[in-house]
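Asker: Numbering (my numbering), first residue to last: 3 to 83.
Glycine residues also receive a C-beta, built at the ideal position from the N, C-alpha and C atoms.
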Amino acid sequence: GASSGAASTSGVASLPPSRLFKLLPDGRTVHREPSSPTGGMAAVAAALAQINLQAYAAAFDAEGYDDIAFLRGLDPAERAD
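(1) Can you tell me whether DSSP reads residue 55 as helix, strand or coil?
(2) Distance, Cα to Cα, residue 24 vs residue 82?
(3) Would you mind sorting residue 46 into buried or exposed? The rule is 16 or more other CB atoms within 10 Å of its CB.
(4) Look up residue 25 in the DSSP assignment and say whether it is helix, strand or coil.
(5) Could you please give the first and the last residue of the uninterrupted alpha helix (DSSP H) stretch that includes residue 65?
(6) Where residue 74 and residue 29 are concerned, what is the direct C-alpha to C-alpha distance, given to the nearest angstrom?
Have a look at this one:
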């Protein structure tokens, strides 16, 4: 007989849990609550969204840039790096 088993996903890498978003039971994603006094990653994501750069929030999170006060304190030369 023919096998009708479920497709295997063992070759697909799963993404690590996001520090920025959480998945709701209905499939929607929402921002997590800020975890630091400076707003955490949610504050960084909000600031990026204000300047239409929200697509880079995950990259900021992955690189550990989750402190909006630190980011705002960078001078232009440091931000260019």
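Answerer: Reading it off the structure:
(1) coil
(2) 31 Å
(3) buried
(4) strand
(5) Premise fails: residue 65 is in no alpha helix (DSSP H) and is neither H nor E.
(6) 33 Å
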